[in-house]
Amino acid sequence: SSSEATDLTGLVVLVTGGGPGIGRALVTGLAARGAAVGLCARSAEQVAEVVDVVEATGGRCLGVAGDVRVAGDVARVVDTVSQTLGSIDVVVCNAGAIDPVECDPWRSDLDAWWRVLEVNLLGTQRVLQAIVPSMVERGGGRIIGLTSGMALRDVSDYSAYCVSKTALLRLSGVYAEAGREHGLTVFDVAPGVVRTAMTAGMPVMADRDEWTDPALVVDLVAAAASGTLDHLSGRYLRAGVDDPAALRAEVGARLAADPAARRLALRPYGDDDPLG
393 SSSEATDLTG LVVLVTGGGP GIGRALVTGL AARGAAVGLC ARSAEQVAEV VDVVEATGGR
453 CLGVAGDVRV AGDVARVVDT VSQTLGSIDV VVCNAGAIDP VECDPWRSDL DAWWRVLEVN
513 LLGTQRVLQA IVPSMVERGG GRIIGLTSGM ALRDVSDYSA YCVSKTALLR LSGVYAEAGR
573 EHGLTVFDVA PGVVRTAMTA GMPVMADRDE WTDPALVVDL VAAAASGTLD HLSGRYLRAG
633 VDDPAALRAE VGARLAADPA ARRLALRPYG DDDPLG
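If you read the sequence shown in my numbering, its first letter stands for residue 393, the second for the next number, and so on.
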């Protein structure tokens, strides 16, 4: 299976939001493939729990409690992980928040709305600014951002989440562009809909019975982390739909050959569109 094929031995990976849900699956799954994994999450209790799980199975893991919204926390997380596990080769930006209430965008509580942007967008940029300079100095690294199909759709009940996730696609794009000559590769990975405390609490998901297996998310992130998908830097990939083996082969070659494919862009209405 693809999970056994992806060997991450020798890589140091940092996963933000690594305590609950998808983050936990990523930490345990990447460590099982041989990576030394650092994780941060706001809850020290959740962090300790995940570290225990990894260490019980013989994996190498270091957890640091911290909030991506707080500059001092981010610096402490990055310093601690780098000093203990080694220079960070791959960062998985998974920390995220969602609108606490479903409502029209003009009715949302502005403080709550802005908090989602602070976690998802500013928090990601804080983490990247703390890690990427040393990646560039060392000749490269990999950035994997957890995105969402909601980045590409107008889901009006979740305006802060949609706006933040769309902004993250553009952030990935500019990092991919600026980082190309420095050996930096960047991937947006949409996990599909994984059953977590966050998604289970969303009224829009109440009647859902089709969920993405978190193992498929781990497979895709592991493939991106391994370097075998570097030809797809700057692209949007989706767990449960994109097969890592296919992305390494013919499908990936087709995707890489089309500069506009799987990127955030304006779609022209035809060949005669003046904006085309």
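By construction, the Cβ of each residue, glycine as well, lies at the ideal position given by its N, Cα and C atoms.
Source: prediction; values computed, not measured.
### Continuous alpha helix (DSSP H) stretch holding Val524: start and end
Val524 -> alpha helix (DSSP H) spans 515 to 529.
### Query
Is Val581 near Ile536, with beta carbons less than 9 Å apart?
Closer than 9 Å, so yes.
### Query
Roughly how many angstroms lie between the CA atoms of Thr472 and Val462, to the nearest whole one?
Roughly 16 Å separates the two Cα atoms.
### Task
Rounded to whole angstroms, what's the CA-CA distance from Asp634 to Arg655? Just pull it up for me.
Looking at the two C-alpha atoms, the distance is approximately 15 Å.
### Query
With 16 as the cutoff for other CB atoms within 10 Å, does Gln521 come out buried or exposed?
So Gln521 ends up on the exposed side.
### Message
Between which residues of its own chain and Gly478 is the CB-CB distance below 6 Å, once the five residues before and five after are set aside?
### Response
Cβ within range, chain order: Val404.
### Any 3 or more C-beta pairs closer than 8 Å across the region 433 to 451 and the region 503 to 513
As far as the Cβ criterion goes, the region 433 to 451 does not touch the region 503 to 513, which means the pair count is below three.
### Task
Use the C-beta contact count for Val460: other C-beta atoms within 10 angstroms, 16 or more gives buried, fewer gives exposed.
By the 10 Å Cβ count, Val460 comes out buried.
### Message
For Thr577, list the residues DSSP reports as bridge partners.
### Response
Under DSSP, Thr577 takes part in a beta bridge, and its partners are Arg534.
### Message
Going by DSSP in three states, Leu408 sits in which element: helix, strand or coil?
### Response
This sequence places Thr at residue 408; Leu is not what is there. Note: Thr408 maps to strand in three-state DSSP.
### Query
How many Å lie between Gly644 and Leu624 at the Cα?
Their backbone Cα atoms lie some 7 Å apart in a straight line.
### Task
Just the C-alpha distance for Gly515 and Asp399, rounded to the nearest angstrom, thanks.
Roughly 29 Å separates the two Cα atoms.
### Message
Can you give me the C-alpha to C-alpha distance between Gly619 and His574, rounded to a whole angstrom?
### Response
Taken atom to atom, the span from the alpha-carbon of Gly619 to that of His574 is near 15 Å.
### Message
Please report the straight-line C-alpha distance between Thr420 and Tyr553, rounded to a whole angstrom.
### Response
Answer to the nearest angstrom: the Cα atoms are 26 Å apart.
### Ala652 in three-state terms, based on DSSP
Here Ala652 sits in coil by DSSP.
#### Entry: Beta-carbon separation (whole angstroms), Gly571 vs Asn486, contact threshold 8 Å
Contact flag wrong, Cβ pair sits at about 20 Å.
### Query
What is the DSSP secondary structure of Tyr567, counted as helix, strand or coil?
Of the three classes helix, strand and coil, the one that applies to Tyr567 here is helix, per DSSP.
### Query
In or out: Leu454 buried (at least 16 other Cβ within 10 Å) or exposed?
Buried: at least 16 other Cβ atoms inside 10 Å.
### Query
For Leu422, which of helix, strand or coil comes out of DSSP?
Residue state, collapsed to three classes: helix.
### Task
Mind checking who Arg627 pairs with in its DSSP beta bridge?
According to DSSP, which records beta bridges pairwise, Arg627 is partnered with Phe579.
### Message
Could you tell me the alpha carbon to alpha carbon distance between Thr449 and Phe579, rounded to whole angstroms?
### Response
For Thr449 and Phe579, the distance between alpha carbons rounds to 28 Å.
### Message
Determine whether the beta carbon atoms of Thr476 and Gly533 lie at a separation below 9 Å.
### Response
No. Outside cutoff.
### Query
Should Asp491 go down as buried or exposed, given a rule of 16 or more other Cβ atoms within 10 Å for buried?
With 16 or more other Cβ atoms within 10 Å, it is buried.
### Message
Would you say the beta carbon of Ala463 is closer than 8 Å to some non-hydrogen atom of the ligand SAM?
### Response
For the structure depicted, the ligand SAM is absent and the ligand set is empty, with no information on it obtainable.
#### Entry: Ala543 to Leu513 span [Cα, whole Å]
Rounded to whole angstroms, the gap between the alpha carbons of Ala543 and Leu513 is 12 Å.
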